[in-house]
Amino acid sequence: MGPNTILIGNQSSGEGGDKTERPLKMAARKGNTQQRLQLEHKENGGRTWANMVEENKLATKGMELRFVPPTIINGEKFAELTHEDVKTENEKWKFALIGYMVGDTPTIAAMERYVAVQGNFETKPKIYYHNAGYFVINFSCEEDKSQLLCVGPHMMNNRPIILKPRTSDFNFDEEELKTILILVKLPNLPLSCWSPIALSKIGSGLGLPLYADDCTTNSTRISYATILVEIDVTRELSNIVKVKDPQGRMFEQALWYDWKPIYCPKCLQIGHKCQTEK
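Residue numbers (the UniProt record's numbering): 1 to 278.
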């Protein structure tokens with residue numbers, strides 16, 4: 001038997017009867033590198049070290065990165081970002097909406113079909129899905145974004161879709177849907193109160209006013225004004241807002257909602273309310 005012979009299975013060594021050793025160990029002991037690599041390849045199911053290293057590479061090469069020394073304060077190391085560092089990405093998403101559907105999450109294709117029929121958009125919006133359950137609907141301009149916001153309330157398969165503008169501090173992991181956009185109608189609102197500042201002041205009694213609809217803006221429908229307001233739904237929605245006119249007279253302006261969201265204080269979720277124990 002030659003010096004590079006490897007014993008496989010139960011074979012006689014020539015002295016002392018049968019001895020059993022794993023082929024890989026025998027190859028390593030005898031120092032036969034070529035044989036050892038061949039056996040490693042076989043034991044790994046035909047995957048070489050080169051294969052395994054290749055699998056750990058990026059699928060395709062994208063933007064090039066470089067080492068930037070981290071900031072260290074009191075022995076704690078962290079990455080410190082500046083406004084300039086995030087400026088480009090914030091610009092990319094500045095016309096984006098965050099969407100959430102109560103109940104089962106639809107597919108991206110279903111959401112694309114829904115959004116496509118909601119307005120006459122200058123450019124087809126790009127829709128992305130995040131595993132936390134949110135959609136990101138990215139528009140090319142403010143006008144397109146406003147179109148989708150102002151045609152609500154949004155429903156798909158009899159389930160509400162909640163939309164809100166993306167902000168730079170939106171966190172997919174930590175976000176709790178407590179403030180959402182709601183269309184509020186102001187029936188029989190005096191015509192003198194249809195200015196942007198008057199509507200803003202009235203809407204601020206409910207939350208954060210964002211837009212008036214087109215009919216309100218152009219006074220093509222005067223029975224009621226419609227405004228879009230970001231409202232905290234953890235509180236009960238009011239049916240009136242008190243207004244004081246320039247003559248000092250106080251009146252109660254009625255509020256109509258196309259949709260009143262249900263909020264569960266136990267689950268911290270919109271769309272249902274757990275039964276409270278009696």
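Don't be surprised by glycine CBs; every beta carbon is placed ideally from N, CA and C.
Neighbourhood of residue i by C-beta distance below 6 angstroms, restricted to the same chain and skipping five residues each side
{"i": "Leu189", "result": "Ala225"}
{"i": "Pro160", "result": "Val102"}
{"i": "Ile227", "result": "Val184, Leu199, Gly203, Pro209, Ala212"}
{"i": "Asn239", "result": "Leu255"}
Close Cβ partners of residue i (< 8 angstroms) along its chain, the five nearest in sequence each way excluded
{"i": "Leu187", "result": "First, the amino acid is wrong: residue 187 is Pro here, not Leu. Excluding sequence neighbours, Pro187 sits near Ser223, Tyr224, Ala254, Trp256."}
{"i": "Glu64", "result": "none"}
{"i": "Glu80", "result": "Pro70, Thr71"}
{"i": "Lys77", "result": "Pro70, Thr71"}
When the options are compared against residue i, the one with the closest alpha-carbon
{"i": "Gln247", "options": "Glu84, Asn157, Ser192, Val86", "result": "Ser192"}
{"i": "Phe251", "options": "Glu76, Asp214, Val241", "result": "Val241"}
{"i": "Lys164", "options": "Ala96, Cys141, Ala198", "result": "Ala96"}
{"i": "Gly207", "options": "Cys215, Arg221, Val233", "result": "Val233"}
{"i": "Ile182", "options": "Phe67, Val229, Glu89", "result": "Val229"}
{"i": "residue 314", "options": "Lys201, Val68, Asn131, Ser168", "result": "There is no way to answer for residue 314, as the model of the chain reaches only from 1 to 278."}
{"i": "Lys126", "options": "Asn218, Arg66, Asn138", "result": "Asn138"}
Cβ-Cβ distance between residue i and residue j below 8 angstroms
{"i": "Val136", "j": "Arg166", "result": "yes"}
{"i": "Ile231", "j": "Ile180", "result": "yes"}
{"i": "Asp144", "j": "Phe121", "result": "yes"}
{"i": "Asp258", "j": "Pro153", "result": "yes"}
{"i": "Thr123", "j": "Ser146", "result": "no"}
{"i": "Val117", "j": "Leu148", "result": "no"}
Residues near residue i by beta carbon distance below 7 angstroms, same chain, minus five either side
{"i": "Tyr129", "result": "Ile108, Phe135"}
{"i": "Thr105", "result": "Gly133"}
Residue i, buried or exposed, once every other Cβ within 10 Å from all chains shown has been counted against 16
{"i": "Ser195", "result": "exposed"}
{"i": "His83", "result": "exposed"}
{"i": "Cys150", "result": "buried"}
{"i": "Thr216", "result": "buried"}
Heavy atom of the ligand NAD within 7 angstroms of residue i beta-carbon
{"i": "Glu76", "result": "With respect to the ligand NAD, the structure offers nothing, as it holds no ligand at all."}
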